[in-house]
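Below is one structure, written out as structure tokens, with a few remarks after it.
Residue numbers (the working numbering): 3 to 235.
Printed below as a string of structure tokens:
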């Protein structure tokens, strides 16, 4: 595609193939930097976890940006939820929006659960997606209702029962990664990692429990081919 910016691996000692595979391992599976270092060492590739960490910080964001540009428009039903994270002894909140198929639409780490925080998430979400959904599903947190009224979207607000299970379940990979990393080190690092992780996880989410084995293999192969296209120099 003409608008796709090529990824530059200039001035890196290791080949692009090694960098691409290492970053893929880290974002695709619940692995630590040292886990990936050991996996590469088993293949005879001597890369320190600090070098690999720099690859993740640099290329993870680039890959995620490229993937977001390729994603089709999500569904017209959005699910919003927030969950607490403990970072440096302080409680912050991870606000997350997903569609009804589990596609992560946006993530925002904030210090509050108030109306202002909900407004910030919604405005960012609406700007990035470029359209207003038919329904916005949340829990009973009053901040959502106040923010949606200010945006004149109260008529699209849905709450109650188990209607927001989709957003609540979407936090599970974050909890696994949080345990793996022995908690995030700062709100900025959490925002950076989780935003990139969400985009890459979306790309490889093939909903295998809903499709046949044959279809799953086709979709998985297509996702892998698209990934190689994204990361190619």
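The beta carbon of each residue, even a glycine, is placed where N, CA and C say it ideally should be.
Taking the alpha carbon of residue 138 as the point to measure from, which residue in 156, 214 and 97 has its own alpha carbon closest? For the set 156, 214 and 97, the Cα lying nearest the Cα of residue 138 is the one of 156.
Tell me which residues share the same chain as residue 158 and place their Cβ nearer than 6 angstroms to its Cβ, disregarding the 5 neighbours each side in the sequence. Excluding residues within five positions, the ones whose Cβ falls inside 6 angstroms are 137 and 138.
How long is the line joining the alpha carbons of residue 2 and residue 213, rounded to whole angstroms? Missing from the structure shown is residue 2; the chain here goes from 3 to 235 and no further.
Based on the DSSP output, what are the partners of residue 199 in its beta bridges? Per DSSP, residue 199 has no beta bridge partner at all.
Out of curiosity, what's the CA-to-CA distance linking residue 221 and residue 63? In a straight line, the C-alpha of residue 221 is about 24 angstroms away from that of residue 63.
With burial defined as no fewer than 16 other Cβ atoms inside 10 Å of the residue's Cβ, what is the status of residue 98: buried or exposed? Of the residues assessed, residue 98 falls on the buried side of the cut-off, its CB having 16 or more other CB atoms within 10 angstroms.
Pair within 8 angstroms by beta-carbon distance, residue 54 and residue 39: Judged by beta-carbon spacing, residue 39 lies within the 8 angstroms limit of residue 54, meaning their Cβ atoms are closer than that value.
What does a CB cutoff of less than 7 angstroms around residue 145 pick up in its chain, not counting 5 residues either side in sequence? Closer than 7 angstroms at Cβ, skipping near neighbours: 115, 116, 117, 119 and 120.
When burial is assigned at 16 or more other CB atoms within 10 Å of the CB, is residue 26 buried or exposed? Per the 10 Å Cβ criterion, buried.
Identify, in the order they occur along the chain, each residue of the same chain with its Cβ nearer than 8 angstroms to the Cβ of residue 76, setting aside the five sequence neighbours on each side. Counting only Cβ-Cβ distances below 8 angstroms, and skipping sequence neighbours, we find 101, 103, 105, 107 and 131.
What is the rounded straight-line gap between the Cα of residue 201 and the Cα of residue 46? Rounded to whole angstroms, residue 201 to residue 46 spans 30 angstroms at the Cα level.
Can you tell me whether DSSP reads residue 10 as helix, strand or coil? Three-state result, residue 10: coil.
My output table needs one value for residue 142: the three-state DSSP class, helix, strand or coil. The answer is coil: DSSP assigns residue 142 none of H, G, I, E or B.
Can you tell me which residues form a DSSP beta bridge with residue 89? For residue 89, the beta-bridge partners assigned by DSSP are 92.
So what's residue 105 in DSSP terms, helix, strand or just coil? Residue state, collapsed to three classes: coil.
Suppose the cutoff is 8 angstroms on Cβ atoms and the five residues either side in sequence are ignored; what does the same chain contact list for residue 86 look like? Here the set comprises 93, 94, 95 and 96.
Can you pull the DSSP bridge partners for residue 237? Outside the displayed span of the chain (3 to 235) sits residue 237, for which this structure offers no information.
Which residue or residues does DSSP assign as beta-bridge partners of residue 110? Residue 110 pairs with 97.
Boundaries of the alpha helix (DSSP H) in which residue 62 is found, first to last residue: For residue 62, the enclosing alpha helix (DSSP H) begins and ends at 51 to 72.
Under 7 angstroms Cβ to Cβ from residue 79, same chain only, skipping five residues before and after it: list those, please. Non-local C-beta neighbours of residue 79 in its own chain, meaning closer than 7 angstroms and more than five positions away in sequence, comprise 101, 102, 135, 136, 137 and 139, ordered along the chain.
What would DSSP say about residue 208, mapped onto helix, strand or coil? Note: residue 208 maps to coil in three-state DSSP.
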